[in-house]
Every structure is written in structure tokens, then in C-alpha cells.
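What follows is a short report on a single structure.
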Amino acid sequence: MKLKHYNRQPNASIMTRQSFSLLEKRVFYIVLNQLSEADINLKQNKQFRIPAKLITQNYRQMLGMAQSLMRNCQIWLRNDEQKEFQAYNVFSSARYSAKEGIFEIGLSYEVIPHIAQIKSGYTEYELAIALSLNKTYSQRLYEMLSRWKNFNGGTWSQVSVEDLRDLLGANEETYDDFGQLKRRVLDPSCEEISDKTDISCSYQIQKTGRKVTHLSFYIQTQNSKAIQELQEIREALNALNMDDRWKYMYERLEMYDFTKIQRNKILQDEDLANRFVNADMEIQAGKRKPNDATAYMAVILGFNESRARKAKK
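When we follow full-length UniProt numbering, the leftmost residue of the sequence shown carries the number 1, and every step to the right adds one.
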């Protein structure tokens, strides 16, 4: 099975009620990854052979997951204003062989148009990131936040607590208390998403009377996080006195494999020093992620060009 780097999930399927466990959702992510719009017109169920290592290699976990997939895994499409809904069992069959190390799953053809049709808008996220999450609520919240990260200034606003519980599948009676929902669902999920994914999130509550009724989520992409980090580094550097700036320069130069001659050139040339500091700050902030930082910096500073000119002579 050759996995694509990104999943493209229709927005309509993201903003629906779902009933996946952690492992079930990993299966769903992989199945979605292997679908294309050409599958939309299928009139028979589609089979997928998934390496068990991508899900779990614990037999009991695999068995329990398969039983749940067959019994509980559904997608609901609701339009309460029109008093309409559709419900589908997502999977049609399951088979596992520890000897083969393969989990085989059948996808119901009726579901395919709802999870493969992307013409009406889709959300893109990295498969590896989605598979790395270890909390069910983190998975769902990551999808929904990814949906809004490039819209409305990275804000998912005025989300009713009732709708959010429904979308997350956090419908246990204990979560009727917002304090429990915050401590056990929202805060752990936001923490895991911020630690492991390409986005970070925070949220603000809104009350009606004394009751929390709505939330607004604020989403930062990796690039915006890097820009903020870069600004903080610049401000810290600007606050240093001249002696501390020289000390900072020497410490940062030690992070690269420059020759003694190259270091001296940087220290003695104001233009080179400024170029070095700016490029180094971008690397520190994560805005630039070169495989070889020294080689990247050499290009920025023109050291490679000097070597090329010498070679021509």
C-alpha cells in the first residue's frame, strides 16, 4: 500500500456527527487516503488491505476495534432546519491475519460519495500527523481546526457548546458540565494538537448568563507560529547591550561549521553579520528548516560564490 502524503477530506464530512474510536479513526484516515473521486460512481463495496503496524499489532485491540467497526461505525448527515437526516454504516466487512500482518476492511459504496467528493470544498491535512494523535477527541478537533485554519483569520467562532459536543462525540452525561468538558476533552486535545501537529490552538468562552454556551477557537499555523517566534527573538536581541550582542554572535557562530576565516569575515563585515543574524533567527524560529544549516548559511552569505570564483580562476 502506497500512502499519499496528504488526506483531502470533504468539508461536509468533517462537520458531521461521527462515532469513531481512536483505532477506528486511524483505519478511516488510511481508507480516505486511498480513495479518489473516480471511486464515487462505484456500485459495490471497496476492499482495502492495511498493514497492521499502521493501526495496532495487539490482537485483542484489533479484535475489539473490528467488532466495534462492524457494530457502531456510522456517519450521520443532518439538516435539522429541514428536518432531514441520512445515516450510513461505514464499513461492510473486516478480516485480520496476524500471520500476514494485514487488516482487510470493506468500505460501503454508499458512503464513498460523502467522503471522496471534494468538488464542493475540502480540508487538507498530513496523514502522518493525523495518525500520530493518541486521543480520539484530538483527532476530531484537529480535523475541524484544519478546516478553519486558513479562513476567517484562523478563527472558528461562535461554536455552540452543544454542537461541539455533538461533533466531537463527547456526549457522556459527565460532559454536560462544561468544567468537565474543558478539563477532560478540550484542554488535553488542544495540548496534544499544539505539541504534535502543524497548528496550535486556543479558545475563548462566551457565557449566556452564568452558563458557557459558545466557544471561539483561535488557530495558528506552523508558519504563523514561526513568524511570532521570529519576532520574539528579534525583540530579545534588540534589548541586548553591545557587549552581550557580541557574545550572542560568537555563541550563534559556534552552531555552524564555519572555518576560522569565514567566522572572522562575518564578524568584520557589517553586511555579512546582519545577513547571518537574520538567517540564523529564521532557522531558530523554524521559518527555515534546511537539511544542512551550514551549507544553507554559506549560500546566504555568498561563501559558495567566492569558492566558485576561485575555482574559475
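Glycine residues also receive a C-beta, built at the ideal position from the N, C-alpha and C atoms.
None of the values given here were measured: they were computed from a predicted structure.
Whole-number beta carbon distance between residue j and residue i, since they are thought to touch under 8 Å
| i | j | result |
| --- | --- | --- |
| residue 282 | residue 230 | 6 Å |
| residue 117 | residue 40 | 6 Å |
| residue 77 | residue 16 | 6 Å |
| residue 66 | residue 94 | 4 Å |
| residue 115 | residue 237 | That pair is no contact at about 48 Å. |
| residue 217 | residue 201 | 6 Å |
| residue 27 | residue 105 | 6 Å |
| residue 54 | residue 167 | About 25 Å separates the two Cβ atoms, so there is no contact after all. |
Sub-7 Å separation of residue i and residue j beta-carbons
| i | j | result |
| --- | --- | --- |
| residue 108 | residue 45 | yes |
| residue 7 | residue 125 | yes |
| residue 91 | residue 50 | no |
| residue 153 | residue 219 | no |
| residue 127 | residue 33 | yes |
| residue 136 | residue 22 | yes |
| residue 275 | residue 300 | yes |
| residue 96 | residue 62 | yes |
| residue 123 | residue 9 | yes |
| residue 233 | residue 158 | no |
Residues near residue i in its chain [Cβ-Cβ closer than 6 Å; skip 5 each side]
| i | result |
| --- | --- |
| residue 252 | 280 |
| residue 139 | 25, 133 |
| residue 266 | 272, 273, 276 |
| residue 203 | 215, 217 |
| residue 86 | 77 |
| residue 31 | 48, 107 |
| residue 121 | 11 |
Counted within 10 angstroms of its Cβ, other Cβ atoms place residue i as buried (16 or more) or exposed
| i | result |
| --- | --- |
| residue 29 | buried |
| residue 149 | buried |
| residue 189 | buried |
| residue 170 | buried |
| residue 297 | buried |
| residue 261 | exposed |
| residue 156 | buried |
| residue 1 | exposed |
| residue 4 | exposed |
| residue 82 | exposed |
| residue 192 | buried |
Residues near residue i by beta carbon distance below 7 Å, same chain, minus five either side
| i | result |
| --- | --- |
| residue 213 | 160, 161, 206, 207 |
| residue 98 | 59 |
| residue 43 | 109 |
| residue 197 | 129, 142 |
| residue 175 | 165, 181, 185 |
| residue 19 | 72, 73, 74, 169 |
| residue 56 | 23, 62 |
| residue 302 | none |
Spatial neighbours of residue i in its chain, beta-carbon cut-off 8 Å, leaving aside the 5 residues before and after
| i | result |
| --- | --- |
| residue 240 | 248 |
| residue 84 | 78 |
| residue 294 | 256, 257, 258 |
| residue 194 | 200, 201 |
| residue 245 | 237 |
| residue 119 | 37 |
Exercise for the section: Entirely within the region 252–276 and at least 4 residues each: give me those alpha helix (DSSP H) ranges in chain order. Expected result: 260–268
Exercise for the section: Could I get the ranges of all uninterrupted alpha helix (DSSP H) runs contained in the region 37–83, with 4 residues as the minimum, in chain order? Expected result: 59–72
Exercise for the section: Any chance you could list the beta strand (DSSP E) runs of at least 3 consecutive residues sitting entirely within the region 172–217, in chain order? Expected result: 199–208
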